[in-house]
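Undergrad: Those protein sequence lines, which keep their order, are chains X and L.
First residue of the first sequence: 1, per the UniProt record's numbering; consecutive thereafter.
First residue of the second sequence: 1, per the UniProt record's numbering; consecutive thereafter.
There are 2 protein chains.
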Amino acid sequence: MDERSALGMLADELGPAGDDAAVIDGLVVTTDMLHERTDFPPGTTRYTAGWRTIGASLSDVAAMGGAATAAVAAYGAPTFDPDEIRAFVDGASDVCALTGAEYVGGDLDNHDEFTVAGTVVGKAEDPVYRSGASPGEAIYVTGTLGRTGAAVREFDRGNVGRGNELFQFEPRVAAGRQLASVATAMMDSSDGLARSLHQLAAASDCGFHVEWDRLPVDPSVDAVAANEAERRELSTYFGEDFELVFTASPAAVDGVRDAVGVSLTRLGTVTDSEVLADGEPLPDRGYTH
Amino acid sequence: MDERSALGMLADELGPAGDDAAVIDGLVVTTDMLHERTDFPPGTTRYTAGWRTIGASLSDVAAMGGAATAAVAAYGAPTFDPDEIRAFVDGASDVCALTGAEYVGGDLDNHDEFTVAGTVVGKAEDPVYRSGASPGEAIYVTGTLGRTGAAVREFDRGNVGRGNELFQFEPRVAAGRQLASVATAMMDSSDGLARSLHQLAAASDCGFHVEWDRLPVDPSVDAVAANEAERRELSTYFGEDFELVFTASPAAVDGVRDAVGVSLTRLGTVTDSEVLADGEPLPDRGYTH
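#1: Just how far apart, CA to CA, sit Ala-67 (chain L) and Glu-113 (chain X)?
#2: Between Met-186 (chain L) and Leu-244 (chain L), is the Cβ-Cβ spacing less than 7 Å?
#3: In chain L, which residues lie with their C-beta within 7 Å of the C-beta of Gly-121 (chain X)?
#4: Is any beta-carbon of chain L found at less than 7 Å from that of Asp-32 (chain X)?
#5: Report the three-state DSSP secondary structure of Glu-230 (chain X) (helix, strand or coil).
#6: Quick check on the burial criterion: 16 or more other C-beta atoms within 10 angstroms. Buried or exposed for Ser-273 (chain L)?
#7: Less than 8 Å between the CB atoms is what I'm expecting for Gly-192 (chain L) and Ala-62 (chain L), so what's the real figure, rounded?
#8: Using the Cα positions of Val-116 (chain L) and Thr-38 (chain L), report the straight-line distance between them to the nearest angstrom.
#9: Pull up the CB-CB distance for Val-253 (chain L) and Tyr-140 (chain L), whole angstroms please, since I reckon it's below 8 Å.
#10: Where in the region 13 to 60 of chain L do unbroken runs of the beta strand (DSSP E), each at least 3 residues long, occur, reported from the N-terminal end onward?
#11: Going by C-alpha to C-alpha distance, which of X:Gly-158, X:Phe-208, X:Ala-259 and X:Val-160 sits closest to Asp-284 (chain X)?
#12: Would you say Ala-62 (chain L) faces chain X, with C-beta separation under 7 Å as the test?
#13: Is it right to say Ala-150 (chain L) is buried, meaning 16 or more other beta carbons lie within 10 angstroms of its own, or is it exposed?
#14: Report yes or no: do the region 123 to 134 of chain X and the region 77 to 97 of chain X share at least 3 C-beta pairs separated by less than 8 Å?
#15: Just to confirm, is the Cβ distance from Arg-231 (chain L) to Val-221 (chain L) under 7 Å?
#16: When the Cα atoms are used, what is the spatial distance from His-289 (chain L) to Tyr-237 (chain L)?
#17: Along the beta strand (DSSP E) that carries Phe-242 (chain X), what are the first and last residues, could you check?
#18: For Thr-144 (chain X), go through chain L and note every residue whose CB falls closer than 9 Å to its CB, in chain order.
#19: In chain order, what residues of the same chain lie with their CB nearer than 6 Å to the CB of Ala-71 (chain X), ignoring the 5 residues before and after it?
#20: What residue range is occupied by the uninterrupted alpha helix (DSSP H) comprising Ala-259 (chain X)?
#21: For the region 68 to 92 of chain L, which residues have a CB atom closer than 9 Å to at least one CB atom of chain X, in sequence order?
#22: Could you check where the beta strand (DSSP E) with Arg-266 (chain L) kicks off and where it finishes?
#23: What are the partner residues of Pro-281 (chain L), as DSSP defines its beta bridges?
#24: Can you list, in chain order, the stretches of the alpha helix (DSSP H) that have 4 or more residues and sit fully within the region 146 to 227 of chain X?
#25: Alpha carbons only, please: which of L:Ala-202, L:Pro-171, L:Ser-204 and L:Arg-214 is nearest the one belonging to Gly-261 (chain L)?
#26: Using the C-alpha atoms, what's the distance from Pro-219 (chain L) back to Gln-168 (chain L)?
#27: Give me the subset of the UniProt domain "PurM-like C-terminal" (135 to 274) of chain X whose CB atoms are less than 9 Å from a CB atom of chain L, sorted by chain position.
#28: Along chain X, which residues have their Cβ under 9 Å away from the Cβ of Glu-113 (chain L)?
#29: I believe Ala-73 (chain L) touches Thr-69 (chain X) by the beta-carbon criterion, under 8 Å. Please report the beta-carbon distance rounded to the nearest angstrom.
This is the structure:
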């Protein structure tokens, strides 16, 4: 059983776990485990690791339209180097500061492989789930796509400075708060745009028709992609970009556009069924953590 | 740098992280990472692992005198066996149910070694820290000591049923809530009684004088300990028992004793300095996770 099937099974049993974060009594809680082999290419600094670990959970809170309050992390490593721990805490604290959350500490664990688990707690009085999209609405994404894929390519080429820079994404908490009043369904793009669309379609029992030309591909992708196929791969399937993918009526989106603070791109339309790009089925594949 | 020194460094930098849990705006958040090699002897079921992972964090909330609201876990394993995941979730849910918390889901991560991180969120309007003990008060512990040490011995002997049973401790959340009104300093005994006393003494700038005869040693210890030295080792230094160690005036404790719902044993007296047992220095050693 792969992670996706297992998560599906748990979602069926636990309900809220199937969304980006669980909401109970207006409290949002979400946790993410990351580790060296699959999440941190050689050259990733501990600062960047702290940033991404907590950033991933902040993004889950953003996807619920919630406000982020506090973050903790469990830090597992073979040795406890003070500079490395301090760098991790600095990265975690700095990404929190962008969103109004406070990094309040955590746990250390002696572990063969560098492994971290971040948790963010927040508040969502009126959470946005994945299940509210209706045909006739439009489908949007915040910011740009493909930064993480481009970052991994930069790491592969030894450009670790650039890789670390691209890896430090801004969680869309403030945008999510603004979008909460207009979005009918929302999630983050951590599994890649393609898979996010399929997950929203499944949860909302609808379809999507998007146009390739509309995709807001990050400029960093053009710096590393050899051709259009690779450009599409990095922006659509690679995932871990932590942008918000949401549905809403275009008029409602226009009403909050100025307040959101990040670009909002309309990718296409909510339909009755099927996920299509330029009229062709969009494969349901993406990042499996 | 070992875990203890590293935690000390982080505590200095982050303040609340030096206590059992962080408290921010009345919200308590705490996280714990556990993994197969050091925390789950061969024979530990996934049900028990779920129980202990979340139980450890529930105990941290109890140690702050808080109420537990919600729990999440990140589950890292080489394969995602549906029965194992379900058992883990069942164990996590059952220990939550004992304390009024709700297990609301989590994250799955593909990981070579079975590794889990639990997080519990709760509320503490009037948290109890480690730093409020004063000379003349008394020092107490809830329940009994040594169950986890005895459990590990049972696992070593192949008595996995008994080991799992002893491993499923009851987090003292309800007791902690009652004690919050009388305890001047409190923490849990996860690092062992001896180390807990030294940590409380350091945080409160005081000492303790305890009497060996008063120690509430769990009956399970007598079933495995070959002699008095081993009995003391398992009950005093082994740790991971998750009882509450706290200071208070005896009169105040008598006032809540009936409401606490678990036995409260007076171990000795708060003094000006030094941690002594029967007049001899008590070594500052215990479980290092």
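Each residue gets a CB set at the ideal place from its N, CA and C atoms; glycine is no exception.
TA: Reading from the atomic positions:
#1: One Cα belongs to Ala-67 (chain L), the other to Glu-113 (chain X), and the distance between them is close to 34 Å.
#2: Remark: C-beta atoms of Met-186 (chain L) and Leu-244 (chain L) approach each other more closely than 7 Å.
#3: Reading off the sequence, residue 121 (chain X) comes out as Val, not Gly. At a C-beta separation below 7 Å, Val-121 (chain X) has these neighbours in chain L: Leu-27, Val-29 and Val-121.
#4: By this cut-off, Asp-32 (chain X) is an interface position.
#5: Correct three-state label for Glu-230 (chain X): helix.
#6: By the neighbour-count definition (other C-beta atoms within 10 Å, threshold 16), Ser-273 (chain L) is an exposed residue.
#7: Actually they do not touch by this definition, with Cβ atoms about 17 Å apart.
#8: For Val-116 (chain L) and Thr-38 (chain L), the distance between alpha carbons rounds to 12 Å.
#9: Distance from Val-253 (chain L) to Tyr-140 (chain L) at the Cβ level is roughly 6 Å; contact confirmed, criterion being Cβ atoms closer than 8 Å.
#10: Complete beta strand (DSSP E) runs here, min 3: 22 to 24 and 27 to 35.
#11: Check the Cα spacing between Asp-284 (chain X) and each of X:Gly-158, X:Phe-208, X:Ala-259 and X:Val-160: the tightest is with X:Phe-208.
#12: Closer than 7 Å: no.
#13: Buried, since its Cβ has 16 or more Cβ neighbours within 10 Å.
#14: Taking one beta carbon from each stretch, the region 123 to 134 of chain X and the region 77 to 97 of chain X have fewer than 3 pairs nearer than 8 Å; the two do not touch.
#15: Contact flag set, yes.
#16: For His-289 (chain L), the predicted model reports a pLDDT of 46, less than 50, meaning its position is unreliable; a value from the coordinates is still stated below. Spanning the two alpha carbons is a distance of roughly 13 Å.
#17: Element bounds for Phe-242 (chain X): n/a, residue is neither H nor E.
#18: None at all; the shortest Cβ gap to chain L is about 25 Å.
#19: If we look at Ala-71 (chain X) and ignore the five residues flanking it on each side, its Cβ neighbours are Ile-54, Cys-96, Ala-101, Tyr-103 and Val-120.
#20: First-last of the alpha helix (DSSP H) with Ala-259 (chain X): 250 to 260.
#21: So the close ones are Thr-69, Ala-70, Ala-71, Val-72, Ala-73, Ala-74, Tyr-75, Gly-76, Thr-79, Phe-80, Asp-81, Pro-82, Ile-85, Arg-86 and Val-89.
#22: Run containing Arg-266 (chain L): 264 to 271, per the beta strand (DSSP E) assignment.
#23: Its beta-bridge partners are L:Leu-276.
#24: Taking 4 residues as the minimum length, the alpha helix (DSSP H) runs contained wholly in the region 146 to 227 of chain X are 147 to 156, 160 to 167, 173 to 179, 193 to 204 and 219 to 222, in order along the chain.
#25: That would be L:Pro-171, whose Cα lies nearest to the Cα of Gly-261 (chain L).
#26: Rounded to the nearest angstrom, the two C-alpha atoms are 15 Å apart.
#27: With the criterion set as a beta carbon lying under 9 Å from some beta carbon of chain L, the UniProt domain "PurM-like C-terminal" (135 to 274) of chain X has no members that meet it.
#28: Neighbours of Glu-113 (chain L) on chain X, chain order: His-111, Asp-112, Glu-113 and Thr-115.
#29: Not confirmed; about 20 Å, so no contact.
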